[in-house]
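Everything in the sequence shown is counted per the UniProt record's numbering, starting at 1 for the first residue and increasing by one. Glycine residues also receive a C-beta, built at the ideal position from the N, C-alpha and C atoms. In this text, all values refer to a predicted model and were calculated from it rather than measured experimentally.
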Amino acid sequence: MNALILYGTETGNAEATATAISQVLAGTVDSEVHDLADTTPDAMTQAGADLVVLVTATHGEGDFAGGGADFFEALTETKPDLTGLRFAVFGLGDSYYTTFNQAGETAATILTTLGATQVGDTARHDASSGDDPEEIAEEWAREVLAALPAPVAS
Ligand code: FMN
């Protein structure tokens, strides 16, 4: 099984979190980590990925961090059929904002609308909690692995 881990970041937390997730997946699935700023939606459909893990921070007023805005704008314009693709979302945000983790919610909605199937729950890291996002993500990634159908995860 192949996983594509895509992150959108402004200050680095999502990138470090994506790396932590890839380390949990290693051994069970082959994964690659890419910055959304250097990625187009084709990567999801042409690279043969069975699972896409989106790790996105929310910035601005509920907006995607980093390259997320351009990536999801392209996705909603080209509307590829993502039926058969599994995805998981790890959001990073701060409950100080009323738009807490909005980017993660938006990502999940867009991918579901295009036919992809979500694995596990959308994670919502809260910077105000003081929790380490990498630790939270490692536990979450194990839950995602457990939620994959057995033949796919093997
Ligand atoms: N978090 C939210 O949940 N909603 C927001 O609208 C939001 N806006 C932010 C705007 C600014 C200018 C900053 C600095 C942070 C904002 N955050 C918001 C919190 C970030 O998402 C959080 O700090 C996250 O860990 C940053 O991840 P990154 O280092 O990958 O960019």
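With 16 or more other Cβ atoms inside 10 Å of its own Cβ, residue 31 counts as buried. For residue 92, the uninterrupted beta strand (DSSP E) segment begins and ends at 86 to 93. Relative to the non-hydrogen atoms of the ligand FMN, the Cβ of residue 94 comes within a distance shorter than 7 angstroms of at least one. When DSSP assignments are scanned along the UniProt domain "Flavodoxin-like" (3 to 145), the uninterrupted stretches of beta strand (DSSP E) that are 3 or more residues long and fall wholly within it turn out to be 30 to 35, 51 to 59, 86 to 93, 123 to 126.
Taking the C-beta atoms as reference points, residue 91 is found no nearer than 8 angstroms to residue 43.
Take the alpha-carbon of residue 63 and the one of residue 93: they are about 11 angstroms apart. Pairing residue 8 with residue 65 gives a Cβ-Cβ distance under 8 angstroms.
Rounded to the nearest whole angstrom, the CA to CA distance from residue 98 to residue 50 is 34 angstroms. Relative to the Cα of residue 110, the nearest Cα in the group 95, 100, 71 belongs to 71.
A straight-line Cα-Cα distance of about 15 angstroms links residue 1 and residue 33.
Closest option to residue 36, judged by alpha-carbon separation, among 45, 13, 150, 6: 6.
Ranked by Cα distance from residue 114, the options 150, 41, 58 are led by 41.
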